[in-house]
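The numbering of the sequence shown is UniProt numbering, which starts it at 1 and goes up by one.
Note that the Cβ used here is the ideal one computed from N, Cα and C, for glycine as well.
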Amino acid sequence: MSPRPPGADLPDHPDRLWSAGEPKSSYDVVIVGAGGHGLATAYYLARNHGITNVAVLERGWLAGGNMARNTTIIRSNYLWDESAGIYEHALKLWEGLEDELDYPLLFSQRGVLNLAHSLQDVRDGVRRVEANRLNGVDAEWLDPRQVKEVCPIVEISPDVRYPVMGGTFQPRAGIAKHDYVAWGYARAAAALGVEFIENCEVTGLRVSDGRITGVDTTRGSIAAGRVALCAAGHTSVVAATAGIDLPLQSHPLQALVSELLEPVHPTVVMSNAVHVYVSQAHKGELVMGAGIDAANSYRQRGAFHIIERQMAAALELFPIFARAHVLRTWGGVVDVTPDASPIVGLTPVDGLYLNCGWGTGGFKATPGVGWCFAHTVAHDEPHPLAAPFSLDRFVTGALVDEHGAAAVAH
Numbered sequence: 001m002s003p004r005p006p007g008a009d010l011p012d013h014p015d016r017l018w019s020a021g022e023p024k025s026s027y028d029v030v031i032v033g034a035g036g037h038g039l040a041t042a043y044y045l046a047r048n049h050g051i052t053n054v055a056v057l058e059r060g061w062l063a064g065g066n067m068a069r070n071t072t073i074i075r076s077n078y079l080w081d082e083s084a085g086i087y088e089h090a091l092k093l094w095e096g097l098e099d100e101l102d103y104p105l106l107f108s109q110r111g112v113l114n115l116a117h118s119l120q121d122v123r124d125g126v127r128r129v130e131a132n133r134l135n136g137v138d139a140e141w142l143d144p145r146q147v148k149e150v151c152p153i154v155e156i157s158p159d160v161r162y163p164v165m166g167g168t169f170q171p172r173a174g175i176a177k178h179d180y181v182a183w184g185y186a187r188a189a190a191a192l193g194v195e196f197i198e199n200c201e202v203t204g205l206r207v208s209d210g211r212i213t214g215v216d217t218t219r220g221s222i223a224a225g226r227v228a229l230c231a232a233g234h235t236s237v238v239a240a241t242a243g244i245d246l247p248l249q250s251h252p253l254q255a256l257v258s259e260l261l262e263p264v265h266p267t268v269v270m271s272n273a274v275h276v277y278v279s280q281a282h283k284g285e286l287v288m289g290a291g292i293d294a295a296n297s298y299r300q301r302g303a304f305h306i307i308e309r310q311m312a313a314a315l316e317l318f319p320i321f322a323r324a325h326v327l328r329t330w331g332g333v334v335d336v337t338p339d340a341s342p343i344v345g346l347t348p349v350d351g352l353y354l355n356c357g358w359g360t361g362g363f364k365a366t367p368g369v370g371w372c373f374a375h376t377v378a379h380d381e382p383h384p385l386a387a388p389f390s391l392d393r394f395v396t397g398a399l400v401d402e403h404g405a406a407a408v409a410h
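What follows is the structure in structure tokens.
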């Protein structure tokens, strides 16, 4: 009997999941930024609102910015009602997203532990658990023994510099494969008619009589009825060409992975006090994030002393990692607002919309903000879940101050 040829009985697979061609002269909607938020917005514009004459412009390659540089943590246990609302909406979409996109995302609901190391941490954690429960978000308060039951490799001795005094736990939280998420959204959006234009940097916004008319790019001018900015920290640079000054600061944020290890870490552990968060990826590498570099910058690299402190903190919590080796490090750029909450909504320029300021919380919000931002662009009015995050809150004073619940460990 002759051997079966390679690939026999396997379904055909296209050479590309999406096409990246030349831009047309005009579109109904132009989205600036082909990261997770831009891709999700394009998909839901087409899927939920029937708007398919859409171009997603990316100055580099699709999903090559922060989408490729984050630590993939997904959770919804934020303190304030406004934040919990949009993140819980996102988490519910995450739970059905593989079926929705018909694409494997490696979404793993392994839970997220936020550790408490002081009495103030304990008070803040218990408060957040109760607030989450009132909002229908799954949340538990664990004492040190229960923390050890959830994650046996955590050091809970009272004799360390930052003893574990308990922690909050969200069982439905977890991680997903960031590249797969981007590819799944791009594939699904392309099937609905959305176009992706890579290596196409937006250099300016075209405004006439207070209304957006298009964008200038390194590949020529493109007319557009509506323009949606999803360019993270560079959103402020693009918006400035339309005379809009955004309250954003950008910082490098570093992360690293170890060599491949056997499965030892069953959940996600975060600690704001020691500035480290750790999970174990599906292949086996430990994925660690740290605090932001203090200096404002758009560079995708950070200072060595941040990584050094990150390693020291990780070893205090996980002595078992002492002989693990760092495989690689990298940096992303986080855009932060004064109240540590995003800006999503309309602008003073008709037809121009903002989605920025997510800090290090952007990945987990991807499906939720894509859904809400698509509604905002399609109807020229904020989605109810996004309405609290309007730009004018910095004038009215109606801030959504998530510094306490978010801090560095989003």
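Of the candidates Leu45, Leu385, Pro348, Thr366, the residue whose Cα lies closest to the Cα of Ala190 is Leu45. Restricted to the region 222 to 308, the beta strand (DSSP E) segments that are unbroken, complete and at least 3 residues in length are 249 to 260, 268 to 271, 276 to 280, 285 to 292, listed in chain order. When DSSP reads this structure, Leu352 sits in a beta bridge with Val227. Three or more beta-carbon pairs separated by less than 8 angstroms are not found between the region 259 to 272 and the region 387 to 403, which leaves the two stretches without contact. Three or more Cβ pairs closer than 8 angstroms define a contact, and the region 88 to 107 meets that threshold against the region 364 to 384.
Sequence-distant Cβ neighbours of Ala116 in its own chain, meaning closer than 6 angstroms and more than five residues away, are Val122, Gly125, Met165, Gly166, Gly167.
Within the same chain, Pro247, Leu248, Ile343, Gly357 come within 7 angstroms of Thr337 by CB-CB distance, once the 5 residues on both sides are set aside. Listed in chain order, the alpha helix (DSSP H) runs fully inside the region 36 to 78 are 36 to 49, counting runs of at least 4 residues. Beta bridge pairing from DSSP links Leu115 with Gly167.
Cβ contact annotation for Gln280 (same chain, cutoff 6 angstroms, sequence separation greater than five): His265, Leu286, in chain order. Contact annotation: Leu346 and Val32 have beta-carbon atoms that are not nearer than 9 angstroms. His282 is the residue among His282, Val237, Ala242, His305 whose C-alpha sits nearest the C-alpha of Glu259.
Assignment of beta-bridge partners to Ala20 by DSSP yields Phe196. Collapsing the DSSP output to three states places Thr329 in a strand. Under the three-state reduction of DSSP, Ile31 is assigned to strand. If you look at Gly204, you'll find it isn't in any alpha helix (DSSP H); it sits in the beta strand (DSSP E) that goes 202 to 208. Counting along the chain, no beta strand (DSSP E) covers Ile86; the unbroken alpha helix (DSSP H) around it starts and ends at 81 to 94.
Look at Thr213 here: in three-state DSSP terms it is strand. In the three-state DSSP reduction, Leu317 falls in the helix class (H, G or I). Using a C-beta cut-off of 8 angstroms, the region 189 to 206 makes no contact with the region 268 to 279, since fewer than three inter-stretch Cβ pairs fall below that distance.
The alpha-carbon separation between Ala290 and Glu88 amounts to approximately 24 angstroms. Distance from Val29 to Gly214 at the Cβ level is roughly 11 angstroms; contact not present, criterion being Cβ atoms closer than 8 angstroms. DSSP places Gly345 in the uninterrupted beta strand (DSSP E) bounded by 343 to 346. For Val400, the secondary structure class from DSSP, reduced to helix, strand or coil, is coil.
Rounded to the nearest angstrom, the gap between the Cα atoms of Gly210 and Gly243 is 11 angstroms. The C-alpha of Glu22 is placed about 53 angstroms away from the C-alpha of Val147. Contact between the region 172 to 181 and the region 68 to 79 is present: 3 or more CB-CB pairs across the two stretches fall below 8 angstroms. Straight-line measurement puts the Cα of Ala232 at about 21 angstroms from the Cα of Ala84. Annotation: the continuous beta strand (DSSP E) that includes Glu140 extends over 140 to 142. Each residue's CA atom was taken as its position, placing Ala386 and Thr376 some 8 angstroms apart.
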